[in-house]
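Chemist: Got a structure for you, questions after.
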Amino acid sequence: MPYSIDTVHPLLVHFPIALFSTGLFFDILAKLLDNEEFDHAGFWTMLMALISSPFTIIAGIFAFMEEGSWLDLYQFQHGLLAFISTLFLLVLFWARIKFQLDFRYSGLKRNIYLVLHILAVGILFYGAHLGAKTADRI
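Under the UniProt record's numbering, the first residue of the sequence shown is numbered 1, with each subsequent residue one higher.
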């Protein structure tokens, strides 16, 4: 069988990375251009990224159990950073819903949210970089 749960992870991993970074891009455009449509696009893109993330993480766990080793530091850190950044982005999404009006009318709170969002996506990118090193792609 060419596809198993552990070989699906490299196929799924691109969706959350692309969606989280695109959502961040829309949020930055919404802030810079003061455009509510970009804000809505960022919201829905982030939601789709959060929906796709558990499948990618589960496939990654199966791939790690099949081929990984606790002694492989890059692979272990890759999984840990992916999980942490996804939780961080989930908390940011919750805050985005809970404090929607605060973010709309307070520039400071919106800027803090954007800085944390940039940090979370940066952590995700670094975790993805470690995953590429683990797979000998770079």
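Every residue gets a Cβ at the ideal spot worked out from N, C-alpha and C, and that includes glycine.
Every value quoted in this text rests on a predicted model; they were computed, and no experiment measured them.
Within 10 Å of its beta-carbon, does Asp39 have 16 or more other beta-carbons around it, so buried, or fewer, so exposed?
Modeler: buried
Chemist: Which of the three DSSP states is assigned to Asn111 in this structure?
Modeler: helix
Chemist: Between which residues of its own chain and Lys98 is the CB-CB distance below 6 Å, once the five residues before and five after are set aside?
Modeler: none
Chemist: Just to confirm before moving on: does the CB-CB distance between Pro10 and Ser52 stay below 7 Å?
Modeler: no
Chemist: Report yes or no: do three or more beta-carbon pairs, one from the segment 108-117 and one from the segment 53-68, lie closer than 8 Å?
Modeler: no
Chemist: May I have the straight-line CA-CA distance separating Ala41 from Ile84, to the nearest angstrom?
Modeler: 24 Å
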